[in-house]
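In our numbering, the protein residues as written are -15 to 547.
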């Protein structure tokens, strides 16, 4: 509501005829009060201002562009809890787009006895016609501003180039230490509002050193605590703190651990700033000076606030991505079936998700008994690397099972039937797959068809290896071309092993596909005499060592010895 002559509880009591605009910020930086003159000067109703961030709504450069947060005197005054006179011309944006030059005063303001707010009194003034002389002080100020803007730009660049949370935090720490501080501490709020100290990094002898003994779970954040870290984690504005802030008795377990850490590292001055995501606080960034004697000032506080805001958005994006990746991976694992027991055959499977920095894919395997006593083996890969790919993989798997069970046909006929159906009754765009049948007619036989997938690998007991019909794969699924597909048949010698796999096992950054196949054959030959479990574990581990960036599904079958 706009300003009455007498304010209600928590609002200032101002004369109704005050000829200056007034707005009040609460401890969270939001506008909690405006008077009628402020509405008139700003050309905005109170409802448009209340609850907003005055810096985002009002503060501008002379050309109308947004004023960088580290360079805003009003923001610096609010964050530092200082009184600042608005000398010169400060530009505010009106609701109609006009810029007005204002002067005035910003003073600290307590709301309900709690410090941290600010009251800004402002009035319209004519723009200054003359520029200040470019003396040494102005040159130094411009240099400092350029340095601050460069750091903000670097923050945006390094944090938006990765979706890996650990990598984001590592880059953040290396950006601010030692340029702004000697130590950096990152605390993150986790599920059920629990708090974890995820990084404590010190710069010493030109290197960044993690101090893991100071990291780990933290006590709960209490609503009643007014100590700096707890207040910031509840959404209060960033604060400059000194040893004096922790001289009294702590009011929470968080305050105890914070005081002990500051004493252990020898804190002289520190800044604690919230890591804000959309609509909530995700954690806090604490920068500590121990070797640098100069305490943090208001300009540096505004700079750290800006950096922390950008870091908060990066953390939110990384956490959202990680949640989606976990959901897709969990879904994918649950859709991959347990192996049935087939008399006389050894079988084992492995599934390894993509590395943390990559995306979940649509790889899958399947094994099931057919009505005629044969065993169906499937390995496949749906194009895509996200939750949709995992969902499409489930569609393909279920449709294939239904077709294979309902019609006792050759693998090529079943896959052709599946291909014709996919483009009409599923969301699958493209997929590769091998459908094989294992049967015994005196000897063990493998019969299969290949829809654009890497070829099966046959490993003999004596270490000889060969790819089965390496150059004879038919078209991938989903083209709607309904090509005639081919069946292949191969006798399986005693104690031989058949390996079905997805391309993650043979692809790596900078490695030609032909070399990947050669390496797989070489590895498999060297492992021919190992148990099937060890055989598969070693193949997977060697693929990961080769800098694989895709998920891997692996299905191996070993037939019994002769007699």
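Note that beta-carbon positions come from the ideal geometry of N, C-alpha and C, so glycine has one too.
- For residue 305, no pairing in a beta bridge is given by DSSP.
- Less than 8 Å separates the beta-carbon of residue 362 from that of residue 417.
- In the three-state reduction of the DSSP assignment, residue 480 falls in the coil class, being assigned neither a helical nor a strand state.
- Restricting attention to alpha helix (DSSP H) runs no shorter than 4 residues, the stretch 360 to 384 encloses none.
- Below 8 Å, enough C-beta pairs join the stretch 9 to 16 and the stretch 26 to 40 to call them touching: three or more.
- Between the alpha carbons of residue 473 and residue 440 lies a gap of roughly 12 Å.
- Classified as buried, residue 433 has 16 or more neighbouring CB atoms from the shown chains inside 10 Å of its CB.
- With a cutoff of 8 Å on beta-carbon distance, residue 415 and residue 383 are scored as not near each other.
- Between residue 291 and residue 160 a beta carbon distance of about 7 Å is seen, short of the 8 Å cut, so the two are scored as contacting.
- Taking a contact to require three or more Cβ pairs closer than 8 Å, the stretch 258 to 274 and the stretch 212 to 222 qualify as touching.
- Nearest Cα to residue 489 within the set 512, 111 and 365: 365.
- Fully enclosed beta strand (DSSP E) runs of no fewer than 3 residues occupy 441 to 443, 449 to 451, 472 to 476 and 481 to 485 of the stretch 433 to 508, in order along the chain.
- Note: residue 423 is bridge-paired with 429 in the DSSP secondary-structure output.
- Pairing residue 381 with residue 347 gives a Cβ-Cβ distance that is not under 8 Å.
- DSSP places residue 328 outside both helix and strand once states are collapsed to three, so it counts as coil.
- DSSP lists 68 and 104 as the bridge partner or partners of residue 90.
- Assignment of beta-bridge partners to residue 416 by DSSP yields 365.
- In this structure, residue 196 lies away from residue 212, with their beta-carbon atoms at least 8 Å apart.
- For residue 358, there is no enclosing beta strand (DSSP E), as DSSP marks it with neither H nor E.
- For the set 296, 238, 30 and 187, the Cα lying nearest the Cα of residue 207 is the one of 238.
- Closest in alpha carbon position to residue 56, among 43, 538 and 394, is 43.
- Under the three-state reduction of DSSP output, residue 56 falls in the coil class, being neither helix nor strand.
- Put simply, the stretch 321 to 336 touches the stretch 533 to 546. At least three CB pairs are less than 8 Å apart.
- For residue 251, no beta strand (DSSP E) run applies, since DSSP gives it neither H nor E.
- Judged by beta-carbon spacing, residue 482 lies within the 8 Å limit of residue 430, meaning their Cβ atoms are closer than that value.
- Taking C-beta atoms as the reference points, residue 60 and residue 286 count as a pair closer than 8 Å.
- The criterion of a C-beta distance shorter than 8 Å is satisfied by residue 526 and residue 507.
- In this structure, the CA atom of residue 3 is about 42 Å from the CA atom of residue 271.
- Spatial neighbours of residue 467 in its own chain (CB-CB distance under 7 Å, excluding positions within 5 residues in sequence) are listed in chain order as 458 and 459.
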